[in-house]
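Engineer: Got a structure for you, questions after.
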Amino acid sequence: APSAPRNLIFLINETALFLTWSPPSDSGGRKDLTYNIMCQRCGASGGEEDCEPCETDLRFVPRPLGLTGTSVAILDFATHANYTFHVETVNGVSGLGGNTRPLANITVTTDQTGPSLVGVVRKDWASDNSIALSWPEAEQQPNVILDYEIKYYDKEQEQSGYSSTRTKALSVIVTGLKPSTVYVFHVRARTAAGFTAYSDTFDFSTGDEDSGMAADHGQVLVVVTAAVGGFSLLIILTLFFLITGRCQGIIKAQLKSEDKRRADFHNAPPFPGIKTYVDPDTYEDPTQAVHEIDPSRIRIERVIGAGEFGEVCSGRLRTPGQKEIPVAIKTLKGGYVERQRRDFLREASIVGQFDNPNIIRLEGVVTKSRPVMIVVEYMRNGSLDSFLRQHDDHFTLVQLVGMLHGVASGMAYLSDMGYVHRDLAARNVLVDEGLVCKVSDFGLSRVLEDHTEPAYNTMGGKIPVRWTAPEAITYRKFSSASDVWSYGIVMWEVMSYGERPYWEMSNQDVILSIEEGYRLPVPMDCPGVLHQLMLHCWQKERGQRPHFNSVVSFLDKLIRNPSSLLTLVDNSFPESPEDMPGYPLFISIGEWLDSIKMSQYKHQFLAAGFTTLDSVSTMRIEDIRRIGVSLIGHQRRIVSSIQSLRLQVLTVQHNGFHN
Ligand code: ADE
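With the working numbering, letter number 49 in the sequence shown gets 262, and the count goes up by one each step, no holes.
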């Protein structure tokens, strides 16, 4: 029989509880391990007698039983509650003898959140695929309410998951619903102290398809009439036109986006219950509008770069009664067509939904005058890849891991929001004066029309191959797990101070090498645990890659215990030539040095007796220094490339990192 799972831990946020564990030390000699989760909810006394099973009260993603991975997300837990979870290892012969079950146990006390601040939720109107809701303002608010989250699901299909949306107003129009279908809604407020509890649930139905808008009008009139009682006909008619005008806009946007929404369905986030990101192409939610800035408040100072749509400038933004702040201003150059304007502003409607210290902050947009602009916070140190290239070898390991921690936190936030970035790379991370890293460059169109990174073209779209997971390249399966792969590449870029992943290999060679199981080697001076984590992010099976949340907590532990960073792998050259997979890519020393733009060292290599690639691949750092490769940057490039001569076959030692 197998032994119990190891290292069971939990992570909790306002909506989800994650359990993760490592496989048992003894699999019982079989490969068919799965895990079952059992749950007990216990009262305050802590006594056994005060506990009851709770599997049916909670939602487990992907499921409670027969899990093949080593993590599960749990939703719908109560606040102020004690839960004990048992994770059991099961294999094909479990239950055939042995009387102790291989269980790991953990008790979780869910956080205290405030009482619900939202009372009755009302349906104002419905069309065949949208429902407008509103609720009264909370009477006594201990904290300022930042916004509201509306969670909803199809009553008949609860198991297929939740959707959610957010609004700052006391109302929302939920779109993208099915006709004649009952949905369950509940609403909670978010204050500076976090989310409050949810309101009660409310069931509302969409209208039926055939009667279309006519049915809506009827409903609107009934609601409005009931609500306003004796108010004058004029007010009723005004409301009527306002509401129907709004409706038509929504319906139109929906017709346009219906196909896209179907296509996106398969890209649902790993934990659908906590999706809060709203695709600007999919929904038209008037409450999500981004802030329009009066252009007289903006002072453009200088051009700092070229964006896809026009110049990027630095400047200042004045806000009455506040200090001027430095900003970056992306402009849309004149002569654009409507589609370009929409694609340009798409980025703003995405970034405007995010609020996280590791995501670039949107200050607002200028759309009502020319030029059209997107204004974001200014990041003094520019993009991470060029910043590191300019400061080769200048940072401590803790500083580098701190940068990676920032990127991972930003990405954890995005993946919790259900947003898939698709173009995570060091060039798309910005660095501020305090070395804080923030993820930027949103808006898929940029990926599809990327000019800065020569891209591989598959089925009509362009993809930054070196950063992209194999399943995303081959069948466009983009997900948070493919973002995790890209994150592993960013780790490698950071630890090698901005080296180009896979150096000068062609995209086609990169794809083939990855397919054969080769992976980037450990960068010079990089701690072994970090390379283990990279390899973990580059697992072929996307389900086996870590989640961003576990990457964050892992890096957090490294930073708190920096001695763990001291084990380097710079002696990790292969033990014997048989360990090496061969050198399909380069033929002579000259060609090899050419390929890494280091031909100036050819003479030194030959003079020191390194005449074959075999001998080069056994060189140690001392040898490289000795033959006179002394410039730090060159040395790093040569070491990395020597290691790439034996791009390693993926080996993840499970003692290094646990998902
Ligand atoms: N380049 C592109 N965006 C930038 C920003 N927000 N700050 C500084 N440089 C940038």
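Glycine included, C-beta positions come from ideal geometry on N, C-alpha and C. Note that the structure is predicted; figures quoted are calculated from it, not measured.
1. Check the C-beta distance from A286 over to F231 and give it rounded, since I have them as a contact under 8 Å.
2. Using a threshold of 7 Å, is the CB atom of M624 nearer than that to any non-hydrogen atom of the ligand ADE?
3. Going by CA-CA distance only, name the one from H399, R403, D421, T404 that's closest to T414.
4. Any idea if D421 is buried or exposed, counting beta-carbon neighbours within 10 angstroms, 16 or more meaning buried?
5. Using only the alpha-carbon positions, how far apart do S776 and V321 sit?
6. Under three-state DSSP, which class holds P710?
7. Mapping DSSP to helix, strand and coil, what is F231?
8. Bridge partners for E301 per DSSP, in chain order?
9. Is there contact between the stretch 587-596 and the stretch 644-654, where contact requires at least three CB pairs shorter than 8 Å?
10. Tell me, please, whether the stretch 368-386 touches the stretch 293-306 by the rule of three or more beta-carbon pairs shorter than 8 Å.
11. Over what stretch of residues does the alpha helix (DSSP H) that includes R276 continue unbroken?
12. Can you tell me the Cα-Cα spacing of V435 and G577, whole angstroms?
13. Report the CB separation of F767 from L746 in whole angstroms; it is logged as a contact under 8 Å.
14. With 16 as the cutoff for other CB atoms within 10 Å, does T233 come out buried or exposed?
15. Using only the alpha-carbon positions, how far apart do Y688 and E754 sit?
16. Do L643 and the ligand ADE come close, with the Cβ less than 7 Å from some heavy atom?
17. Give me, in chain order, the residues of the same chain whose beta-carbon lies closer than 8 Å to that of S709; leave out the 5 immediate sequence neighbours on both sides.
18. Put E505 into one of helix, strand or coil per three-state DSSP.
19. Hey, could you find the ends of the beta strand (DSSP E) S586 is sitting in?
20. For the ligand ADE, I want to know if S653 counts as a neighbour, meaning its beta carbon is within less than 7 Å of at least one of the ligand's heavy atoms.
21. Under a three-way DSSP split, which group does H847 fall into?
22. Select from T323, I772, M704, S726 the residue whose C-alpha is nearest the C-alpha of H749.
23. When the cut-off is 8 Å and only beta carbons count, does P734 lie next to chain D?
24. Give me the residue from P570, V579, G547, T681 with the minimum Cα distance to L558.
25. By the 10 Å Cβ neighbour count, where 16 or more other Cβ atoms means buried, how is G623 classified, buried or exposed?
26. Leaving out five residues before and five after L601 in sequence, what residues of the same chain have Cβ atoms less than 6 Å from its Cβ?
27. Taking DSSP as the reference, what is the three-state secondary structure of R529?
28. Output the residue ranges of the alpha helix (DSSP H) runs that lie fully inside the stretch 557-636 and measure 4 residues or longer, sorted by chain position.
29. For T378, which beta-bridge partners are listed by DSSP?
30. Using CA atoms only, rank isn't needed, just tell me which of R276, G520, D568 is closest to K546.
31. Pick from T323, D270, N249: whose alpha carbon is nearest that of R314?
32. Counting pairs of Cβ atoms below 8 Å between the stretch 336-343 and the stretch 386-396, do you hit three or more?
33. Taking 7 Å as the cut-off, does the CB of Y700 come closer than this to any heavy atom belonging to the ligand ADE?
34. Here's the rule I'm using: 16 or more other beta-carbon atoms within 10 Å means buried, otherwise exposed. How should N571 be labelled?
35. By DSSP, does I802 sit in helix, in strand, or in coil?
36. Since A402 sits in a beta bridge, which residues does DSSP pair it with?
Structural biologist: Once the coordinates are examined:
1. Sure, about 5 Å apart at Cβ, within 8 Å.
2. Placement of the Cβ of M624 at a distance of 7 Å or more from every heavy atom of the ligand ADE is found.
3. With distances taken between Cα atoms, T414 lies closest to H399.
4. Sixteen is the threshold: since fewer than 16 other Cβ atoms of the shown chains lie within 10 Å of the Cβ of D421, the residue is exposed.
5. Taking the straight line joining both Cα atoms gives about 30 Å.
6. Looking at the sequence itself, residue 710 is Tyr, so the reference to Pro does not match. DSSP places Y710 outside both helix and strand once states are collapsed to three, so it counts as coil.
7. In the three-state scheme derived from DSSP, where H, G and I count as helix and E and B as strand, F231 is classed as strand.
8. E301 pairs with N249, L316.
9. Flag = yes, the stretch 587-596 and the stretch 644-654 touch.
10. With the cut-off at 8 Å, the stretch 368-386 and the stretch 293-306 do not touch.
11. Taken as a continuous stretch (DSSP letters only), R276 belongs to no alpha helix (DSSP H), as it is neither H nor E.
12. With a pLDDT of only 30 at V435, under the threshold of 50, the placement of this residue in the model should not be trusted; the figure read from the coordinates follows. The straight-line gap from Cα to Cα measures roughly 39 Å.
13. Right, their Cβ atoms sit about 7 Å apart.
14. Taking all protein chains shown into account, T233 has 16 or more neighbouring C-beta atoms within 10 Å of its C-beta and is therefore buried.
15. So the two alpha carbons sit approximately 14 Å from each other.
16. Yes, the Cβ of L643 comes within 7 Å of a heavy atom of the ligand ADE.
17. Only residues of its own chain outside the window of five on either side were considered, and among them P736, M737, C739, R849, S853 have a CB closer than 8 Å to the CB of S709, listed in chain order.
18. In this structure, E505 counts as strand in the three-state DSSP scheme.
19. The displayed chain sequence assigns Met, not Ser, to residue 586. That run of the beta strand (DSSP E) goes 586-590.
20. If you check the C-beta of S653 against the ligand ADE, you find a heavy atom less than 7 Å away.
21. DSSP places H847 in helix when its eight states are reduced to three.
22. Nearest C-alpha to H749: M704.
23. No chain D appears in the structure shown, which is made up of a single protein chain.
24. Distance check between L558 and each of P570, V579, G547, T681 places V579 closest, using alpha-carbon atoms only.
25. Answer is buried; the Cβ neighbour count reaches 16.
26. Hits under 6 Å: Y710, G711.
27. DSSP, read as helix, strand or coil, puts R529 in strand.
28. List check, alpha helix (DSSP H) in window: 597-603, 610-629.
29. According to DSSP, T378 shares a beta bridge with I363.
30. Among R276, G520, D568, the Cα nearest to that of K546 belongs to G520.
31. When T323, D270, N249 are compared, the shortest CA-CA separation from R314 is found for N249.
32. Contact between the stretch 336-343 and the stretch 386-396 is present: three or more C-beta pairs spanning the two stretches fall below 8 Å.
33. Not under cutoff, so the answer is no.
34. The residue in question, N571, is buried, as its Cβ has 16 or more Cβ neighbours within 10 Å.
35. Collapsing the DSSP output to three states places I802 in a helix.
36. DSSP, once it has assigned bridges, lists Y361 as partnering A402.
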